[in-house]
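A.B. asks: In the UniProt record's numbering, the protein residues as written are 1 to 466. Yeah, the Cβ is synthetic: ideal placement off N, Cα and C, and Gly gets one too. Since the structure is predicted, the reported quantities are computational estimates derived from the model, not experimental observations. After the structure tokens below, expect a handful of questions from me.
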Amino acid sequence: MKHILLVEDDLTYSRIVKTFLEKNGFSVQTAIKVKEAQQLFSNSKFDLIIADFRLPDGTGMELLQWSKINYPQTQVILITHYSDIRIAIKAMKLGAFEYITKPINPDELLATVKESLSTKIPELASAEPIAAPSAPKAKFQSSYLIGNSVEAEKLEKHIQLVSPTDLSVLVMGETGTGKEFISRRIHDLSARKDGPFIAIDCGALPKELAGSELFGHVKGAFTGALENKTGHFEMANGGTIFLDEIGNLGYEVQIQLLRAIQERTIRKIGGNKEIQIDVRIIAATNDNLIVQAGDGHFREDLYHRLNEFTLSAIPLRNRKDDLEDFADQFLEESNERLVKSVKGFSPEVWEIFLGYDWPGNLRELRNIIKRAVLLSAGSHVEKEALPADLYEPSTSFSGANSSSNSYSRQADLPSPKDYKSQWVEQEKELIQKVLMDTKFNKSKTARILNMDRKTLYSKMEKYGLD
Numbered sequence: 001m002k003h004i005l006l007v008e009d010d011l012t013y014s015r016i017v018k019t020f021l022e023k024n025g026f027s028v029q030t031a032i033k034v035k036e037a038q039q040l041f042s043n044s045k046f047d048l049i050i051a052d053f054r055l056p057d058g059t060g061m062e063l064l065q066w067s068k069i070n071y072p073q074t075q076v077i078l079i080t081h082y083s084d085i086r087i088a089i090k091a092m093k094l095g096a097f098e099y100i101t102k103p104i105n106p107d108e109l110l111a112t113v114k115e116s117l118s119t120k121i122p123e124l125a126s127a128e129p130i131a132a133p134s135a136p137k138a139k140f141q142s143s144y145l146i147g148n149s150v151e152a153e154k155l156e157k158h159i160q161l162v163s164p165t166d167l168s169v170l171v172m173g174e175t176g177t178g179k180e181f182i183s184r185r186i187h188d189l190s191a192r193k194d195g196p197f198i199a200i201d202c203g204a205l206p207k208e209l210a211g212s213e214l215f216g217h218v219k220g221a222f223t224g225a226l227e228n229k230t231g232h233f234e235m236a237n238g239g240t241i242f243l244d245e246i247g248n249l250g251y252e253v254q255i256q257l258l259r260a261i262q263e264r265t266i267r268k269i270g271g272n273k274e275i276q277i278d279v280r281i282i283a284a285t286n287d288n289l290i291v292q293a294g295d296g297h298f299r300e301d302l303y304h305r306l307n308e309f310t311l312s313a314i315p316l317r318n319r320k321d322d323l324e325d326f327a328d329q330f331l332e333e334s335n336e337r338l339v340k341s342v343k344g345f346s347p348e349v350w351e352i353f354l355g356y357d358w359p360g361n362l363r364e365l366r367n368i369i370k371r372a373v374l375l376s377a378g379s380h381v382e383k384e385a386l387p388a389d390l391y392e393p394s395t396s397f398s399g400a401n402s403s404s405n406s407y408s409r410q411a412d413l414p415s416p417k418d419y420k421s422q423w424v425e426q427e428k429e430l431i432q433k434v435l436m437d438t439k440f441n442k443s444k445t446a447r448i449l450n451m452d453r454k455t456l457y458s459k460m461e462k463y464g465l466d
């Protein structure tokens, strides 16, 4: 009989899940805190941990990190709310087998549990168990690549300069330029490096729930607030909070954020208790916040509070000297993720890479390399594995002047309709290829494509792949 540790602080929810799993032939023990879960390992052996992301004394991410160091053969499934999906994806990069969103579908839970227990984790070199870390360190944090170009060296110099301080930092740059990696670099070089790093995509927060997500709420504060909730600011206490796409926050939430910065306190939605916080704020945007402030869409006083120090993320077209280093890094990542052994890129592919303008920056490079590795049957990535718009003049982005910025190049670019058509065709082709390679295993396909199953099902229906 397989032994499962269920870590969930909602006792009613925990009891329901425990009963369901036991009826399906599993032995289940429960815990409500990270520390309690760790202590249970001293007397019991578990094949699987199922943990809620938010726990009273920490997060499921911390428990995941601890278990992978001390008990690497134990699988981990993370339970998340809809707004935690980005964090859950990062947890999978740390070694979680899967994540499931609440409310849980029983059939989905059972299928995922069975799949996780039937998947063998490769044996690792033996190591002495160590104490639980105070905060998780994601695998990809160490993959930050400084680069050798003049622009990259200048950026790194500024990062080294501001990191030891507690100044608020505004990271500006185009989409895909690695603004979150820069923010993590600042955190890792700061005195807060042992504290949490919480990354929030403000553009993904529902307008009506943004305040609750950031600052928390008390039970009964609004319809659907069935329990007290800890917000991201409180979770980041003693560490750093990264607010990506800050310009997407609504005006009311901007007021709450300004108050939190000025007074170093927060108040949960519906609550009256002031909660002291010690959090460094790093914000990022690809918008012109000064223009937004002039239009009345962004508070000017908040802009100045956030902009104590500005960093500019460098577009990939302006750091071609670093292209080879990034490509090699993404190749290694893709090989590991897709279980492939592609050794490099053909000379023809390199010529295409160097001549391309990379409007999607590092994110585009990473996605193209991942796709190319998946499609490559030989030892090197060949031209045929690349999207046609990289090298065909009629659709290529590279016809633009690489020395100009994205705004001045708009007239030379294909229409939005052309972009959308190209992307749809490439996405459909990629999903179809992965589905065939995994024999239509939806869980594996979703993990490889770095998307949740709901998104995968939606796209399969959209493209007629079901």
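May I ask you to list the residues that DSSP assigns as paired with G344?
C.D. replies: If you number the sequence shown from 1, residue 344 lands on position 344. Beta-bridge pairing links G344 to H380.
A.B. asks: With DSSP as the reference, please indicate the residues paired to E98 in a beta bridge.
C.D. replies: Reading the sequence shown from its first residue, position 98 is the one you call residue 98. Note: E98 sits in a beta bridge opposite I77.
A.B. asks: Expressed to the nearest angstrom, what Euclidean distance is found between the alpha-carbon atoms of S458 and N43?
C.D. replies: Sequence index remark: in the sequence shown, residue 458 carries index 458 (1-based). Sequence index remark: in the sequence shown, residue 43 carries index 43 (1-based). If I take the Cα positions, the gap works out to 44 Å.
A.B. asks: Please look up how many angstroms separate the CB atoms of S163 and A284, rounded, as I've assumed it's under 8 Å.
C.D. replies: Translated into positions along the sequence shown, residue 163 becomes position 163. Translated into positions along the sequence shown, residue 284 becomes position 284. Rounded, the Cβ-Cβ distance is 16 Å, inconsistent with contact.
A.B. asks: From this set, I352, P359, N367, K340, which residue's C-alpha is nearest A377's C-alpha?
C.D. replies: Position 377 of the sequence shown, counted from the start, is the residue given in the question as residue 377. Residue K340 is the option with its Cα nearest to A377.
A.B. asks: From this set, G355, H232, I186, D57, which residue's C-alpha is nearest D389's C-alpha?
C.D. replies: The count along the sequence shown starts at 1 and reaches residue 389 at position 389. It is G355.
A.B. asks: In whole angstroms, give me the CA-to-CA distance for E115 and V7.
C.D. replies: As a first step, residue 115 must be located in the sequence shown, where it is residue number 115. As a first step, residue 7 must be located in the sequence shown, where it is residue number 7. Rounded to whole angstroms, E115 to V7 spans 19 Å at the Cα level.
A.B. asks: Between which two residues does the beta strand (DSSP E) containing R184 stretch?
C.D. replies: For the purposes of this step, residue 184 is identified with residue 184 of the sequence shown, where counting begins at 1. Run containing R184: none in the beta strand (DSSP E); it sits in the alpha helix (DSSP H), 179-188.
A.B. asks: List the whole-angstrom C-beta distance separating F215 from Q256, where the pair is believed to meet the contact cut-off of C-beta under 8 Å.
C.D. replies: For the purposes of this step, residue 215 is identified with residue 215 of the sequence shown, where counting begins at 1. For the purposes of this step, residue 256 is identified with residue 256 of the sequence shown, where counting begins at 1. Yes, F215 and Q256 are in contact; Cβ-Cβ is about 6 Å, under 8 Å.
A.B. asks: When you compare each of F26, T30, H3, K2 to S14 by their alpha carbons, which one comes out closest?
C.D. replies: Against the sequence shown, residue 14 aligns to sequence position 14. Comparing Cα-Cα distances from S14 to each of F26, T30, H3, K2, the minimum goes to T30.
A.B. asks: I290: buried (16+ other C-beta within 10 angstroms of its C-beta) or exposed?
C.D. replies: For the purposes of this step, residue 290 is identified with residue 290 of the sequence shown, where counting begins at 1. Label assigned to I290: exposed.
A.B. asks: Distance, Cα to Cα, L365 vs E333?
C.D. replies: If you number the sequence shown from 1, residue 365 lands on position 365. If you number the sequence shown from 1, residue 333 lands on position 333. For L365 and E333, the distance between alpha carbons rounds to 12 Å.
A.B. asks: For T74 versus I49, is the C-beta spacing smaller than 7 Å?
C.D. replies: Numbered from its first residue, the sequence shown carries residue 74 at position 74. Numbered from its first residue, the sequence shown carries residue 49 at position 49. In contact: T74 and I49 (Cβ atoms closer than 7 Å).
A.B. asks: Considering only the alpha carbon of each residue, which of L386, L63, G203 lies closest to E36?
C.D. replies: Numbered from 1 along the sequence shown, position 36 holds the residue referred to as residue 36. The shortest Cα separation from E36 among L386, L63, G203 belongs to L63.
A.B. asks: Look at the alpha carbon of residue 470 and the alpha carbon of M451, and state the distance between them as a whole number of angstroms.
C.D. replies: Because residue 470 is not part of the residues shown, which for the chain are 1 to 466, the question remains open.
A.B. asks: How big is the Cα-Cα spacing for T438 and N105?
C.D. replies: As a first step, residue 438 is located in the sequence shown; it is residue number 438 there, counting from the start. As a first step, residue 105 is located in the sequence shown; it is residue number 105 there, counting from the start. Rounded to whole angstroms, T438 to N105 spans 23 Å at the Cα level.
A.B. asks: Between residue 468 and D295, how many whole angstroms is the CB-CB distance? I'm expecting something under 8 Å.
C.D. replies: For the chain, the structure presents residues 1 to 466; residue 468 sits outside this window and is missing.
A.B. asks: Quick check: F46 and H3, are their CB atoms within less than 7 Å of each other?
C.D. replies: The residue labelled residue 46 in the question sits at position 46 within the sequence shown. The residue labelled residue 3 in the question sits at position 3 within the sequence shown. Contact flag set, yes.
A.B. asks: What's the gap between the Cα of I246 and the Cα of M1?
C.D. replies: By 1-based counting over the sequence shown, the position of residue 246 is 246. By 1-based counting over the sequence shown, the position of residue 1 is 1. The alpha-carbon atoms of I246 and M1 are separated by roughly 49 Å.
A.B. asks: Less than 7 Å separating the beta-carbons of K33 and L55?
C.D. replies: Stepping through the sequence shown from its first residue, residue 33 is reached at position 33. Stepping through the sequence shown from its first residue, residue 55 is reached at position 55. In contact: K33 and L55 (Cβ atoms closer than 7 Å).
A.B. asks: Less than 6 Å between C-beta atoms, sequence neighbours within five positions excluded: which residues of the same chain meet that for A96?
C.D. replies: By one-based count along the sequence shown, residue 96 stands at place 96. Cβ within range, chain order: L64, V76, L78.
A.B. asks: I need the DSSP call for T310, collapsed to helix, strand or coil.
C.D. replies: Here residue 310 is taken as the residue at index 310 of the sequence shown, counted from 1. Of the three classes helix, strand and coil, the one that applies to T310 here is strand, per DSSP.
A.B. asks: Does A225 come out as helix, strand or coil in the three-state DSSP assignment?
C.D. replies: As a position in the sequence shown, residue 225 is number 225, starting the count at 1. If DSSP states are grouped into helix, strand and coil, A225 belongs with coil.
A.B. asks: What does a CB cutoff of less than 8 Å around E108 pick up in its chain, not counting 5 residues either side in sequence?
C.D. replies: In the sequence shown, counting from the first residue as 1, residue 108 sits at position 108. Taken in chain order, the residues that qualify are I100, R453.
A.B. asks: Relative to the C-alpha of T112, which residue among N441, L449, S67, G464 is closest?
C.D. replies: On the sequence shown, position 112 is the one that residue 112 refers to. Nearest C-alpha to T112: N441.
A.B. asks: Could you tell me the distance, in whole angstroms, from the CA atom of R280 to the CA atom of S67?
C.D. replies: Here residue 280 refers to the residue found at position 280 when the sequence shown is read from its first residue. Here residue 67 refers to the residue found at position 67 when the sequence shown is read from its first residue. Distance between the alpha carbons of R280 and S67: 28 Å.
A.B. asks: Tell me the residue span of the beta strand (DSSP E) that contains H3.
C.D. replies: For the purposes of this step, residue 3 is identified with residue 3 of the sequence shown, where counting begins at 1. Where H3 is concerned, the enclosing beta strand (DSSP E) stretches over 3-7.
A.B. asks: Cβ atoms of L316 and W358: under 7 Å apart, would you say?
C.D. replies: Here the question's residue 358 lines up with position 358 in the sequence shown. Here the question's residue 316 lines up with position 316 in the sequence shown. Their beta carbons are under 7 Å apart, which means W358 touches L316 by this criterion.
A.B. asks: Ignore the nearest five residues each way along the sequence and tell me which others in I186's own chain have a CB closer than 7 Å to its CB.
C.D. replies: Counted from its first residue, the sequence shown places residue 186 at position 186. Here the set comprises I159, V162, S163, V169, I282.
A.B. asks: Going along the chain, which unbroken runs of the alpha helix (DSSP H) with 4 or more residues stay wholly within the region 247-305?
C.D. replies: Fully enclosed alpha helix (DSSP H) runs of 4 or longer: 251-263, 289-294.
A.B. asks: CA-CA distance, A385 and T175?
C.D. replies: For the purposes of this step, residue 385 is taken as residue 385 along the sequence shown, with counting starting at 1. For the purposes of this step, residue 175 is taken as residue 175 along the sequence shown, with counting starting at 1. Taking the straight line joining both Cα atoms gives about 24 Å.
A.B. asks: Would you mind giving the Cβ-Cβ distance between A313 and V171, rounded to the nearest angstrom? I have them listed as a contact below 8 Å.
C.D. replies: For the purposes of this step, residue 313 is taken as residue 313 along the sequence shown, with counting starting at 1. For the purposes of this step, residue 171 is taken as residue 171 along the sequence shown, with counting starting at 1. Yes, they are in contact, since the Cβ atoms of A313 and V171 sit about 6 Å apart, within 8 Å.
A.B. asks: Report the partner residues of H158 according to the DSSP bridge assignment.
C.D. replies: As a working note, residue 158 is residue 158 in the sequence shown. DSSP output for H158 lists no bridge partner at all.
A.B. asks: Classify D244 as buried or exposed, calling it buried when 16 or more other Cβ atoms lie within 10 Å of its own Cβ.
C.D. replies: On the sequence shown, position 244 is the one that residue 244 refers to. Label assigned to D244: buried.
A.B. asks: How far does the beta strand (DSSP E) with L243 in it extend, from its first residue to its last?
C.D. replies: If you number the sequence shown from 1, residue 243 lands on position 243. Here the beta strand (DSSP E) through L243 covers 240-244.
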